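Chemist: Chain order of the listed sequences is A and B. Those letters in the first sequence? Residues 24 to 244, by the numbering used here. Those letters in the second sequence? Residues 24 to 244, by the numbering used here.
There are 2 protein chains.
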Amino acid sequence: MPSYDLSHPIADGMPVYPGDPPVGVETLASIGTDGYHQTALRIDTHTGTHIDAPAHMIDDGRSLSAFPLETFRFAGQHVDCTGFKPRAEIGLEKLTSGIDGDLSEALDLLVVETGWDDYWETDRYFEHPFLSTDAAKWVADRGLHLGIDTPNVDPTPTANAADDEPAGYPVHRHLLGAGRLLVENLRGLSRLAGRFELQAYPLSIQGGDGAPVRAVAVVEA
Amino acid sequence: MPSYDLSHPIADGMPVYPGDPPVGVETLASIGTDGYHQTALRIDTHTGTHIDAPAHMIDDGRSLSAFPLETFRFAGQHVDCTGFKPRAEIGLEKLTSGIDGDLSEALDLLVVETGWDDYWETDRYFEHPFLSTDAAKWVADRGLHLGIDTPNVDPTPTANAADDEPAGYPVHRHLLGAGRLLVENLRGLSRLAGRFELQAYPLSIQGGDGAPVRAVAVVEA
């Protein structure tokens, strides 16, 4: 079955969410000097392509380790939300009209393609579209998890955060508060259509507020 | 289908290979103070349950990114090599007699259970059994990858490394030199028997000499 890598590589100085510490990827040992190659990583639980657990924002929210392993083999549905302008809101009607499939079939996860991964490593990457609160509520009410090819399902603060509306991460709070998972910083979603399986097992990390993942789409031939 | 987590959790101060830098898992932000929880990680490409690529020890060896993604859904075969003494050599005959399955069926990976994960977080964990050179050559000649529940397929050096024989990581060199992958620090292999699928996608890391993984066994019901 064809598989697609939906993950951004973890690299020295890669884009991070505004205010987060920089990512470090540094050679610890090399074959010429030491006889083996090894690489040190300075990352965090929300580096690059990653999963947010409810414990990321919700008091007493579930950590990743509280989910059965099978959760991370998601029955996924592609949603076309391309064509939005920078910092535009993706409303409920646009979200549902982007779904080219039957929601009555067993489903775990909506994977929203905005196309914004094209701007990875540019300032525009952080001027991404975001979901409306009613769209988030609709997803949560259906018991679905949500993935997206932007760094955030809510608007990302600018240098002048007072410009940003709505404040307070309402999409995070609706979905994580309903025990749902978020997968952020996906890439390459234009290769998908309809249904697929997303295999995205989080690293097992003490605390479990989130984890970087290798996100792999497995498509029926 | 039942799934088993074969990974050790990544935790502050967890066991590392002798001489490697300590692992750091530290709270970066907490809900009470910051409104969200986030955790900083100081790890390396061979922390905890991880995959070694040929590039770990072989000049111009393949990096993890040079393998097709499908490689990391391994057709696996459990091998019972329990009952060995500390620092004992697992020879070819013991390896092959531990296989309770038909090697003529499509196979990617042997997963060797020594039971040594019981000693995780004790000094004895590093006094593990190791493979003989002829066993390694046999695995490489069959084009198989190798997984094990010890920190090393070769003997791990003691404080007085001159005590250790054989020197020079011959098992690593045979297998990585033949373009094979190694999965080390697996755990909980006693739950397996015969065939299963090991899903162990490495984090996508610049350089690609190795990567930590969430290793998941998927067993036919």
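All C-beta atoms, glycine included, are put in the ideal place defined by N, C-alpha and C. Predicted model, so just to flag it, every value in this text is computed and none were measured.
Quick one, which of A:92, A:74 and A:55 has its alpha-carbon nearest residue 25 of chain B's?
Modeler: One-based indexing of the second sequence puts residue 25 of chain B at position 2. The shortest C-alpha separation from residue 25 of chain B is found at A:92.
Chemist: Please state whether DSSP places residue 274 of chain B in a helix, a strand or coil.
Modeler: Beyond the ends of chain B as shown, which are 24 and 244, falls residue 274 of chain B; an answer cannot be given.
Chemist: Count the other CB atoms, across all protein chains shown, that sit within 10 Å of the CB of residue 129 of chain B; report buried if there are 16 or more and exposed otherwise.
Modeler: As a working note, residue 129 of chain B is residue 106 in the second sequence. Under this definition residue 129 of chain B is an exposed residue.
Chemist: Does residue 155 of chain B come out as helix, strand or coil in the three-state DSSP assignment?
Modeler: The residue you call residue 155 of chain B lines up with position 132 of the second sequence. Residue 155 of chain B: coil per DSSP, three-state reduction.
Chemist: Taking the straight line between their C-alpha atoms, what separation do you get for residue 172 of chain A and residue 70 of chain B?
Modeler: Looking up residue 172 of chain A in the first sequence gives position 149. Looking up residue 70 of chain B in the second sequence gives position 47. Cα to Cα, the separation comes out at about 28 Å.
Chemist: My output table needs one value for residue 234 of chain A: the three-state DSSP class, helix, strand or coil.
Modeler: Position 211 of the first sequence, counted from the first residue, corresponds to residue 234 of chain A. Strand, per DSSP.
Chemist: What is the C-beta distance between residue 193 of chain A and residue 137 of chain A, in whole angstroms, given that I count them as a contact (C-beta under 8 Å)?
Modeler: One-based indexing of the first sequence puts residue 193 of chain A at position 170. One-based indexing of the first sequence puts residue 137 of chain A at position 114. With a Cβ gap of about 18 Å, residue 193 of chain A and residue 137 of chain A do not count as contacting.
Chemist: Could you tell me whether the Cβ atoms of residue 134 of chain A and residue 101 of chain A are closer together than 7 Å?
Modeler: Looking up residue 134 of chain A in the first sequence gives position 111. Looking up residue 101 of chain A in the first sequence gives position 78. Yes, Cβ-Cβ distance for residue 134 of chain A and residue 101 of chain A is below 7 Å.
Chemist: In chain A, what lies closer than 8 Å to residue 178 of chain B by C-beta?
Modeler: On the second sequence, position 155 is the one that residue 178 of chain B refers to. Those within 8 Å of residue 178 of chain B in chain A number zero; the least Cβ separation is about 15 Å.
Chemist: By the criterion of Cβ-Cβ separation under 7 Å, what are the contact partners of residue 56 of chain B in chain A?
Modeler: Reading the second sequence from its first residue, position 33 is the one you call residue 56 of chain B. Going along chain A, no residue has its Cβ under 7 Å from residue 56 of chain B, so there is no contact; the nearest lies around 13 Å.
Chemist: Rounded to the nearest angstrom, what separates residue 30 of chain A and residue 108 of chain B at their Cα positions?
Modeler: Residue mapping note: residue 30 of chain A aligns to position 7 of the first sequence, counting from 1. Residue mapping note: residue 108 of chain B aligns to position 85 of the second sequence, counting from 1. Roughly 42 Å between the two C-alpha positions.
Chemist: Taking the alpha carbon of residue 103 of chain A as the point to measure from, which residue in A:111, A:117, A:121 and A:170 has its own alpha carbon closest?
Modeler: Your numbering for residue 103 of chain A matches position 80 in the first sequence. Among A:111, A:117, A:121 and A:170, the Cα nearest to that of residue 103 of chain A belongs to A:121.
Chemist: Counting only runs of 4+ residues fully inside the region 165 to 231 of chain A, write out the alpha helix (DSSP H) ranges in chain order.
Modeler: Runs found: 193 to 200.
Chemist: Quick check on residue 112 of chain B: does DSSP put it in helix, strand or coil?
Modeler: Start at 1 with the first residue of the second sequence, and residue 112 of chain B comes out as number 89. Three-state result, residue 112 of chain B: strand.
Chemist: Cα separation between residue 81 of chain A and residue 53 of chain B?
Modeler: The count along the first sequence starts at 1 and reaches residue 81 of chain A at position 58. The count along the second sequence starts at 1 and reaches residue 53 of chain B at position 30. One C-alpha to the other measures close to 10 Å.
Chemist: Residue 66 of chain A versus chain B: which residues are under 7 Å apart at the beta carbon?
Modeler: Here residue 66 of chain A is taken as the residue at index 43 of the first sequence, counted from 1. 64, listed in chain order.
Chemist: So residue 74 of chain A is in the beta strand (DSSP E); what residue range does that whole segment cover?
Modeler: On the first sequence, residue 74 of chain A is found 51 positions in, with the first residue counted as 1. Run containing residue 74 of chain A: 73 to 75, per the beta strand (DSSP E) assignment.
Chemist: At 8 Å on the CB atoms, spell out the chain A contacts of residue 48 of chain B, in chain order.
Modeler: On the second sequence, position 25 is the one that residue 48 of chain B refers to. Here the neighbours are 228, 229 and 230.
Chemist: Taking just the CA atoms, how far does residue 62 of chain B sit from residue 195 of chain B?
Modeler: For the purposes of this step, residue 195 of chain B is identified with residue 172 of the second sequence, where counting begins at 1. For the purposes of this step, residue 62 of chain B is identified with residue 39 of the second sequence, where counting begins at 1. Distance between the alpha carbons of residue 195 of chain B and residue 62 of chain B: 33 Å.
Chemist: For a contact defined as C-beta to C-beta under 7 Å, what are the partners of residue 235 of chain B on chain A?
Modeler: If you number the second sequence from 1, residue 235 of chain B lands on position 212. In chain order: 226.
Chemist: Among B:127, B:197, B:78 and B:206, which one has its Cα closest to the Cα of residue 89 of chain B?
Modeler: The sequence position of residue 89 of chain B within the second sequence is 66, counting from 1. Per the Cα distances, B:78.
Chemist: Going by DSSP, what residues sit across from residue 28 of chain B in a beta bridge?
Modeler: Taking the first residue of the second sequence as 1, we reach residue 28 of chain B at position 5. Paired residues: B:239.
Chemist: Using a 10 Å radius around the Cβ and a threshold of 16 neighbouring Cβ atoms, would you call residue 41 of chain A buried or exposed?
Modeler: The residue you call residue 41 of chain A lines up with position 18 of the first sequence. Its Cβ having fewer than 16 others within 10 Å, residue 41 of chain A is exposed.
Chemist: Which ranges does the beta strand (DSSP E) cover as unbroken runs of at least 3 residues, wholly within the region 59 to 106 of chain A, from first to last along the chain?
Modeler: Counting only runs of 3 or more, we get 61 to 67, 73 to 75 and 96 to 103.
Chemist: Could you spell out the range, first to last residue, of the beta strand (DSSP E) harbouring residue 39 of chain A?
Modeler: As a first step, residue 39 of chain A must be located in the first sequence, where it is residue number 16. Neither: residue 39 of chain A is in no beta strand (DSSP E) and is coded neither H nor E.
Chemist: Going along chain A, which residues have a C-beta under 7 Å from residue 61 of chain B?
Modeler: Position 38 of the second sequence, counting from 1, holds the residue named residue 61 of chain B. What residue 61 of chain B touches in chain A: 67, 68, 69 and 232.
Chemist: At which residues does the beta strand (DSSP E) containing residue 128 of chain B begin and terminate?
Modeler: By 1-based counting over the second sequence, the position of residue 128 of chain B is 105. Looking at the DSSP string, residue 128 of chain B is not in any beta strand (DSSP E), and its letter there is neither H nor E.
Chemist: Establish whether the CB of residue 73 of chain A and some CB of chain B are separated by less than 7 Å.
Modeler: Position 50 of the first sequence holds residue 73 of chain A. No - not a single Cβ of chain B is within 7 Å of the one on residue 73 of chain A.
Chemist: So with Cβ pairs under 7 Å, would you call residue 30 of chain A a contact of chain B?
Modeler: Residue mapping note: residue 30 of chain A aligns to position 7 of the first sequence, counting from 1. For residue 30 of chain A, the answer is yes, since a Cβ of chain B falls inside 7 Å of its Cβ.
Chemist: So, does the CB of residue 34 of chain A fall closer than 7 Å to a CB anywhere in chain B?
Modeler: Counting from 1 along the first sequence, the entry for residue 34 of chain A is found at position 11. Closer than 7 Å: yes.
Chemist: For residue 79 of chain B, decide whether its Cβ has a neighbour in chain A, counting only Cβ atoms nearer than 7 Å.
Modeler: Here residue 79 of chain B refers to the residue found at position 56 when the second sequence is read from its first residue. With 7 Å as the cut-off, residue 79 of chain B counts as an interface residue toward chain A.
Chemist: Taking contact to mean at least 3 C-beta pairs separated by less than 8 Å, is the region 110 to 118 of chain B in contact with the region 142 to 153 of chain B?
Modeler: In short, these stretches touch, since the Cβ pair count reaches three.
Chemist: So for residue 23 of chain A, helix, strand or coil by DSSP?
Modeler: Nothing about residue 23 of chain A can be reported from this structure: the residues present for chain A run from 24 to 244 only.
Chemist: What does the alpha-carbon distance come out to for the pair residue 65 of chain B and residue 242 of chain A?
Modeler: Residue numbering aside, residue 65 of chain B sits at position 42 when the second sequence is read from its first letter. Residue numbering aside, residue 242 of chain A sits at position 219 when the first sequence is read from its first letter. Approximately 34 Å between the Cα atoms of the pair.
Chemist: According to DSSP, which residues form a beta bridge with residue 49 of chain A?
Modeler: Translated into positions along the first sequence, residue 49 of chain A becomes position 26. BP columns for residue 49 of chain A point to A:63.
Chemist: Looking at C-alpha atoms only, which residue of B:74, B:49 and B:215 is the closest neighbour of residue 208 of chain B?
Modeler: For the purposes of this step, residue 208 of chain B is identified with residue 185 of the second sequence, where counting begins at 1. Residue B:74 is the option with its Cα nearest to residue 208 of chain B.
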